Amino acid sequence: MVSRLVLVLGDQLTDTVAALAASDKDSDIVVMAEVSDEATYVQHHPKKIAFIFAAMRKFAKRLRDDGWDVRYTQLDDSENAGSIPGELLRRAEETGASEVIATQPGEWRLIEALEDMPLRLTMLPDDRFVSTQEEFDAWAEGRKALRMEYFYRDMRRKTGLLMDGDQPEGGKWNYDAENRKPAPEDIAFSGPMQFTPDDTVEEVLDLVEARFGNSFGQLRPFWFATDQTQARRALTHFITYALPRFGDFQDAMMNDNRFLYHALISPYLNVGLLDPMEVCRAAEEAYKDGHAPLNAVEGFIRQIIGWREYVRRIYFREGPDYPRRNALNHQRKLPEFYWTGETDMNCLSKAITQTAEEAYAHHIQRLMVTGNFALLAGINPHEVHEWYLRVYIDAFEWVEAPNVIGMSQFADDGIIASKPYVSSGAYINRMSDYCKSCRYKVNDKTGPDACPFNLLYWQFLDRHSEKFSGNQRMNQIYANWRRMDEDRKKTILSEAEAFLENLS
Ligand SMILES: Cc1cc2nc3c(=O)[nH]c(=O)nc-3n(C[C@H](O)[C@H](O)[C@H](O)COP(=O)(O)OP(=O)(O)OC[C@H]3O[C@@H](n4cnc5c(N)ncnc54)[C@H](O)[C@@H]3O)c2cc1C
Ligand code: SF4
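As structure tokens, then:
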């Protein structure tokens, strides 16, 4: 019997992933490879490369222990072909196989590369999600706006999560109104579970240090989970100690606390060490046991079966050109301080420094600090996209691009966001303690100490008034701008221009 090659990518580390489920352990051959093409098509954070390679090596061992023939190529193997198609061709020659079974990659670039390969390819849908693309496309058909909230309700009905018959638990679908508390005085959670690197991880860390040590971000200390057992322990730790207060402080930011009550499970979910339904059921269980309140559990579950599913479907619905969209025609270059954290704006400095050290920042830091600034300053969205893809440990294009191009930069012209996510310094001040230790004054609207977010906010609205002044959700803001004294407007606009010129 002729063997088939079963491709398992670095973000497909699940026993039941479609390609493995469709293959025969006794005759088919698993191909896994650490290749420079994937590690360098953008210069990823070293922690991200280490996390993926270490998790791949452990998963390969697990498959071997389970009886699979696994052909695994390490980055420094002399025969390494350097790309996924190259490795498949090499293994085909080595084994005589002419057919490849793959699970659909989460990026158009790799899908196209596989389709161009001179081998017979069966590409199966990645079914590690709650929704299917067909289901989403049918839901989207004929709708004027694809709002996440309505899609999310269908996912609640489909999964039965937090449902009381056909009604939402507690009578409401969404408890976000209770979830926007500002930064608390102190935090009673010591952070995510951290793991001491074992031999496999140490070996990978040495390799990554040697090959990618000069990329943005610090490799050590490295504490992420790298196998399913560890990831499950990290999940249990979060559910036990952080979930009860996750909702309350979901949007808060603090100088001296990087993780607050966040789960830090996105890398595990995205590479397949955790399953979305297993995570949601554990959270629902905590609600049923009276351990966590409904606002926390609903808010958490919404991120996973709502936002995470929704952005996946938008990415595949919109097609390969999505990361190149630029609806607002923003052309400014990404400021150098995104790579150094060296800026007097404390919020940005803190979010970027933390990103360099942890390869992590939470949702509001990504959306309302680094994302908000880039949008206000008119940075080219593709450069912003590449930055996010490089710097976060959980960044895979299917999830990163809709969040950046759509939600954060409005570059998809409002497919995801009904209005641009922009704010002045007031929002950051309300939700964090950053402004207290900033060289700028958040209450100054003009003058040498004025918070740059204040200047840029109005300049953005003025610059794009033709596009947004008719947006119902922005009526009030534009009314405030129109009412403002003409001299004051002129001062704001000229100070904003001067700031932007300096930035370039
Ligand atoms: C500009 C921008 C870029 C982002 N880039 C990524 C990315 O590359 N990869 C990524 O996984 N998430 C991304 N997100 C979403 C979100 O910021 C992260 O999923 C979250 O911060 C991960 O940390 P956590 O596990 O502590 O999440 P928690 O806040 O504890 O939330 C729990 C889980 O919900 C899911 N989730 C929450 N929000 C989203 C969302 N908007 N989209 C998809 N899933 C979500 C994640 O799986 C997360 O683990 C981005 C958000 C923004 C605004
Ligand atoms: S004053 Fe402005 S720049 Fe400084 S931390 Fe606050 S929002 Fe950021």
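Convert by adding 56 to the 1-based position in the sequence shown; the result is the number in our numbering. The C-beta atom is built at its ideal place from N, Cα and C for all residues, glycine as well. Predicted model only: the values in this text are computed from it and were never measured.
Where the beta strand (DSSP E) through residue i begins and ends
i, result
"Glu94", "Careful: Glu94 lies outside any beta strand (DSSP E), inside the alpha helix (DSSP H) at 92-96."
"Asp125", "125-129"
"Ala89", "85-89"
"Val425", "Per DSSP, Val425 belongs to no beta strand (DSSP E) and is neither H nor E."
Distance cut-off 7 Å: residue i Cβ against heavy atoms of ligand 1
i, result
"Arg203", "no"
"Tyr448", "yes"
"Asn326", "yes"
"Gly462", "no"
"Leu320", "yes"
"Ala506", "no"
"Gln359", "yes"
"Asn382", "no"
"Gly427", "yes"
"Val260", "no"
"Glu143", "no"
"Trp363", "yes"
"Val87", "no"
"His438", "no"
Top-ranked residue by Cα proximity to residue i, from the options
i, options, result
"Ser92", "Phe109, Pro323, Asn558", "Phe109"
"Pro379", "Thr409, Val447, Trp454", "Trp454"
"Ala233", "Arg165, Phe305, Ile295", "Phe305"
"Val367", "His441, Val460, Thr282", "Val460"
"Phe524", "Thr188, Ala473, Leu556", "Ala473"
"Arg120", "Thr72, Val86, Lys103", "Val86"
"Arg529", "Thr409, Val478, Asn235, Met249", "Val478"
"Phe107", "Pro141, Asp283, Leu145", "Asp283"
"Lys49", "Phe115, Tyr97, Val126", "For residue 49 there is no data in the structure shown, the boundaries of the chain being 57 and 560."
"Arg212", "Met333, Asp489, Thr399, Thr409", "Met333"
"Met219", "Cys336, Ser493, Ala482, Leu404", "Cys336"
"Asp84", "Ala148, Asp307, Arg289, Asp182", "Ala148"
"Gly503", "Phe555, Ser521, Ala467, Asn536", "Phe555"
"Gly138", "Tyr128, Asn385, Glu90, Tyr483", "Glu90"
"Phe192", "Lys545, Asp377, Ile370, Gln68", "Ile370"
"Pro253", "Ser79, Arg358, Ala281, Asn270", "Ala281"
Distance cut-off 7 Å: residue i Cβ against heavy atoms of ligand 2
i, result
"Phe509", "yes"
"Gly198", "no"
"Gly397", "no"
"Met401", "yes"
"Gly481", "yes"
"Ile108", "no"
"Tyr444", "no"
"Ile484", "yes"
"Cys336", "no"
"Tyr14", "The question about residue 14 has no answer, for the chain in this structure spans 57 to 560."
"Tyr513", "no"
"Tyr490", "yes"
"Val498", "yes"
According to DSSP, residues forming a beta bridge with residue i
i, result
"Gln223", "Asp220"
"Arg176", "Glu155"
"Arg35", "Not covered by the structure: residue 35. The range shown for the chain is 57 to 560."
"Ala506", "Lys497"
"Met57", "Paired residues: none, contrary to the question."
"Asn313", "Met310"
Assigned exposure category for residue i - 16 Cβ within 10 Å defines buried
i, result
"Gly66", "buried"
"Thr70", "buried"
"Ala239", "buried"
"Gly462", "buried"
"Gly216", "exposed"
"Lys103", "buried"
"Tyr231", "buried"
"Ala348", "buried"
"Thr411", "buried"
"Glu171", "exposed"
"Tyr206", "exposed"
Limits of the unbroken alpha helix (DSSP H) element including residue i
i, result
"Leu76", "74-77"
"Val62", "That residue, Val62, is in no alpha helix (DSSP H); its beta strand (DSSP E) goes 61-63."
"Phe372", "365-374"
"Ile484", "481-487"
"Ile108", "102-121"
"Cys336", "332-344"
"Gln189", "189-196"
"Arg209", "204-215"
"Asp255", "255-268"
"Glu171", "164-171"
"Arg544", "542-559"
Minimum Cβ-Cβ distance from residue i to chain B less than 8 Å
i, result
"Leu329", "The structure shown contains no chain B, having only a single protein chain."
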